[in-house]
Amino acid sequence: MSRRSRYAKSTVMLGVTYFAAALATLPLLLILIHLLKEGAAYIRPGFFTEMPKPVGEPGGGMANAIVGTLILVSVASAIGLPIGIGAGLYLAEHRGGRLATVVRFLSDVLNGLPSIVMGIFAWQFLVRPVGHFSALAGGMALGAMMIPLVTRTTEEMIHLVPTSLREAALALGYTRWRASLTVVLRTALPGIVTGALVAIARIAGETAPLLFTALGNQFWSTSLGQPIAALPLQIFAYAITPYDTAHGQAWAGALVLIFVVFVISVLARFATRSRFGLGTD
Amino acid sequence: MKAAPRGDSIYDAVVTAFAIVIPALLLLIALSILIAAWPALSRFGLSFLTSSKWDVSASEFGAAPAIFGTIVSSAIALVLATPLALGVSIFLSEIAPKWLRQPVAFLVDLLAAIPSVVYGLWGIFVLIPLLRDPVAPFLRDTLGLGKTPLFSGPNYGYSMLAAGIILAIMILPFISAVTREVLMAVPRSQRDAALALGATRWEMIRDAVIPYARSGIIGGIILGLGRALGETMAVTMVIGNRPEISASLFAPGYTMASLIANQFSEATNDLHVSALMAVGAVLFGVTLIVNALARWLVWRVTRGSGR
Amino acid sequence: MGAVIDTAIEPGVVESILARAKAPLLSTLRLNAYFGQSRVLRNVSIDVRDREITAVIGPSGCGKSTLLRCMNRMHETVADASVEGDVLLEGESIYKSGLSAIAVRRRIGMVFQRPTPFPTMSIRDNVLAGLRILGTSGPSRSEADAIAEEALRRSGLWDEVKDRLRESALGISGGQQQRLCIARALATQPRTLLLDEPTASLDPLSTQTIEELVHELRESIGVVIVTHNMQQAARVSDRTAFMLAGELIESAPTNTLFTNPRDSRTEDYVTGRFG
């Protein structure tokens, strides 16, 4: 191949990658634009405060679903955060250990499990024995999904803290656990919080596990022992009906969900970009 | 004071216990699903995987249509997403000017943050109408592909193709992120060596960078596969949910995940439920293997460079 | 009691009698230290005296940092690390049963090569960090302020930060951060201070400031300073110990070691023939 045609080919291929990049950013923009187009009209204060109307009737809101999601996320965090941070601490402090390697690998495996598998597990383990669906079961399923996410980010953040800091604490006479918690963990906290927020954003949008646990609820309920509404469930329910007004509500719900998820994701990106400064050079 | 302060022992016990939750949870999940699936599995044995008869009323359950649908939709997704993801990743790691890198990477990665149900929503009201008209007629009549088995049959929009396209968009950010990481892990010396030999920029990428990162790239693709296999909501909303095995991309079908999601609430008897759980068990096993394989491949390439 | 195995022949007899009369603050007795199977300290016996600055010099890898870390039981924080022999602090073994490593570390101060202020604490809180964990009844607010001020004065930092005590410890320069670490170590009133190449990562001006304050500290406590900079050892210390490949080759009053060393290896090192 002559030199000229090789250069030409190179330029063409590089151009192809530009095209690929443009194509890859397209779906996001398309989806966002459509969301705004369809959903914005249905966003009104009432959307957040009113209960859903019978399907087909115009108006109404998703107050119960929004609150339901908040409750589910809270239960999930109460389970996922402590266990995730604790496991992350363990992994960070036993970097090369055999158990640590196994746990780290299995954590990735757990992370990759389809959310529907989590859902049917939760149903078999938490719903079937008691005979009814419940918000608690939903929260626990989501919490289990949070664990590997929080574990991974916690380990990474703690690993970033220089060992000299831990040593300085030990040299002052700190006990090992005190050095770990009040110096190392505290220093890594901003990053850990960010990781926790990202995990929360992830599970807030999950639908499949809830199909088998929280089930959804047309009425207002905040009880942990009963089925509860949730934003993704409501979006799904409305989307598959034949009514246009319901579809509009679904778009609005999706807009709210995306907004929250995106805001958290963007904040997380910014926060972890400027890593905490430590000492000189 | 004693040799090992009590605080330390308690701390160690607690964090170790929390760490052990992870393998314990995994074990619990596996056991629970297997127990629930057992009635159906023992009743149908291996034919569960091969029989294409999923007849609820006759209590005959064969998971082949669902397995077939999972494979086909994932294959479509991979075929569509891989070149695109590779292109974007090469762009980001080798070609993009510095100021473009962050924004483009950000936009691509953000695709991963969109919840599945929102993809499904978009799929129902945007993609499917688009497929119905103008895409399907274009493919079928204008291009004449309607004669081929792949594009034969009526098209209602709800189809394997729709599921494949949505899945492609959903797995794009994952393949791209991993590929980007392994491409960046290729040492400078490799690139310099190629350039010093007189390679053009593209030749350097094609001959020095990509081959070096090859197993990692494959790992990324397999990771994307793993995600595609398990996707539920978006798929269930656009695939049509019919236990069919058809060669046509326009035909509706089932995936394992969409089958479970779709039929669970209406499961009539215990055997039906158990059959659905059995499908779940198969899905569990398959994604387990695929994800483990992907992680191992990626680890092999990036372990030299820090993370 | 400390077996004083200090075999330098001092020029002044009176001086040597006086030196022996001072019981050492801290001494190591045939100390061996290991990382796994690998021995990094070989039968090191050295004394550290009160109100005296002892420098430890030697080429990279000679074990001087390890020696320091054995003195406050920091060596054992590394997995697979072990010691043989003994270390006496104010007459009693630091490995005595019933005495925890933590108790030992609280009585000895240590400053590391790189400044390590705790990033989530203010300057004042950093200084007081070692106190927080001493016992159940901590000092009162005003007592704490007084302690912090004294520690900061002793480390020569008070005037520079007295208006910024509540600010983050990261907002001061590297040299200031290192003095902050010294203040933090001094706040617990240790009688012994261990400095592991404290000026290695600092600019010449900060180095000079710290050398001056270390020199002043000898009026109140015993200091061990590990340094790879011979000129620093000569400037700052009263006694100097030379180590090579894990062994203590020679220990003598600084002047003597540098002008008239007994061992040829010492002479080679201080005249710059190697290391």
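In order, the protein sequences belong to chains A, B and C. Using the numbering used here, the letters of the first sequence correspond one by one to residues 272 to 552. Using the numbering used here, the letters of the second sequence correspond one by one to residues 5 to 311. Using the numbering used here, the letters of the third sequence correspond one by one to residues 513 to 787. Heads up, the beta-carbon is just placed ideally off N, CA and C, and yes, glycines get one too.
Compare the C-alpha of residue i against each of the options and name the closest.
i	options	result
residue 611/C	576/C, 549/C, 584/C	584/C
residue 517/A	280/A, 310/A, 407/A	310/A
residue 316/A	523/A, 533/A, 490/A	523/A
residue 78/B	261/B, 93/B, 151/B, 96/B	261/B
residue 485/A	322/A, 380/A, 502/A	502/A
residue 445/A	567/C, 622/C, 766/C, 774/C	622/C
residue 556/C	632/C, 574/C, 624/C	574/C
residue 687/C	668/C, 568/C, 700/C	668/C
residue 553/C	563/C, 597/C, 692/C	597/C
residue 492/A	515/A, 447/A, 334/A, 307/A	334/A
residue 352/A	393/A, 540/A, 460/A, 519/A	460/A
residue 617/C	477/A, 443/A, 539/A	443/A
residue 307/A	536/A, 526/A, 538/A, 426/A	526/A
residue 706/C	652/C, 544/C, 578/C	578/C
residue 319/A	332/A, 428/A, 313/A	332/A
residue 160/B	273/B, 133/B, 16/B, 98/B	133/B
residue 366/A	386/A, 490/A, 284/A, 430/A	430/A
Sort out for me which residues DSSP pairs residue i with in a bridge.
i	result
residue 551/C	546/C
residue 286/A	Paired residue(s): none; residue 286/A is not in a bridge.
residue 594/C	546/C
residue 541/C	598/C
residue 764/C	752/C
residue 708/C	738/C
residue 65/B	58/B
residue 560/C	538/C
residue 567/C	737/C, 752/C
residue 486/A	499/A
residue 759/C	756/C
residue 634/C	680/C
residue 604/C	601/C
residue 331/A	323/A
residue 257/B	244/B
Residue range of the beta strand (DSSP E) that residue i falls in?
i	result
residue 700/C	Where residue 700/C is concerned, there is no enclosing beta strand (DSSP E), given that its DSSP letter is neither H nor E.
residue 80/B	Residue 80/B -> not in any beta strand (DSSP E); alpha helix (DSSP H) instead, spanning 68-94.
Closer than 9 Å by beta-carbon distance: list the chain B residues that pair up with residue i, in chain order.
i	result
residue 476/A	117, 118, 119, 120, 121, 122
residue 312/A	Within 9 Å Cβ-Cβ: nothing; residue 312/A doesn't reach chain B, min ~14 Å.
residue 294/A	88, 91, 92
residue 403/A	By Cβ distance, chain B contributes nothing, its closest Cβ being about 14 Å from residue 403/A, past 9 Å.
The alpha helix (DSSP H) that contains residue i, what's its start and end?
i	result
residue 621/C	Here residue 621/C belongs to no alpha helix (DSSP H); instead the beta strand (DSSP E) covers 620-623.
residue 576/C	576-583
residue 389/A	386-393
residue 781/C	776-782
residue 46/B	10-48
residue 126/B	120-126
residue 657/C	653-666
residue 401/A	Counting along the chain, residue 401/A falls outside any alpha helix (DSSP H), and DSSP gives it neither H nor E.
residue 722/C	716-729
residue 430/A	406-431
Chain B partners of residue i, CB-CB under 8 Å?
i	result
residue 357/A	18, 19, 21, 22, 23
residue 281/A	204, 205, 206, 207
Could you work out which residues of chain A lie near residue i, taking near to mean beta carbons separated by less than 9 Å?
i	result
residue 299/B	376, 379, 380, 383
residue 241/B	507, 510, 511
residue 53/B	Chain A residues near residue 53/B: none, gap ~17 Å exceeds 9 Å.
Given the structure, does residue i come close to the ligand COA, in the sense that its CB is under 8 Å from one of the ligand's heavy atoms?
i	result
residue 461/A	Only the bare structure without any ligand can be found here, which leaves the ligand COA out of the picture.
Identify the contact partners of residue i in chain B, using a Cβ-Cβ distance below 7 Å as the criterion.
i	result
residue 275/A	What residue 275/A touches in chain B: nothing, since even the nearest Cβ is about 11 Å away.
residue 361/A	19, 20, 22, 23
Which chain A residues sit within Cβ distance under 8 Å of residue i?
i	result
residue 12/B	446, 447, 448
Exercise for the section: Please list the residues of the stretch 593-624 of chain C that have a C-beta atom closer than 7 Å to any C-beta atom in chain A, keeping them in chain order. Expected result: 614, 617, 618, 622, 624
Practice task
Compile a chain-ordered list of the residues in the stretch 377-396 of chain A whose CB is closer than 7 Å to at least one CB of chain B.
Solution key: 377, 378, 379, 380, 381, 383, 384, 385, 386, 387, 388, 391, 392, 395, 396
Handout entry: Contacting positions in the stretch 436-458 of chain A - beta carbon closer than 9 Å to chain C
Key = 436, 437, 438, 439, 440, 441, 442, 443, 444, 445, 446, 447, 449, 453, 454, 457, 458
Problem - Contact list for the stretch 707-736 of chain C against chain A, Cβ threshold 9 Å - result: 713, 714
Practice task
Pull out every residue of the stretch 303-334 of chain A whose Cβ sits closer than 8 Å to any Cβ of chain B, in chain order.
Solution key: 305, 306, 309
Handout entry: Interfacial residues, the stretch 496-507 of chain A to chain B, with Cβ spacing under 8 Å
Key = 503, 506, 507
Problem - Residues from the stretch 254-283 of chain B in contact with chain A, defined by Cβ distance under 8 Å - result: 261, 264, 265, 268, 269, 280, 281
Exercise for the section: Residues of the stretch 626-637 of chain C with a CB closer than 7 Å to any CB of chain A: list them in chain order, please. Expected result: 626, 627, 628, 629, 630, 631, 632
Exercise for the section: Using a Cβ-Cβ cut-off of less than 7 Å, give me the residues of the stretch 552-579 of chain C that come near chain E, in sequence order. Expected result: You won't find chain E in this structure, because its protein chains are A, B and C.
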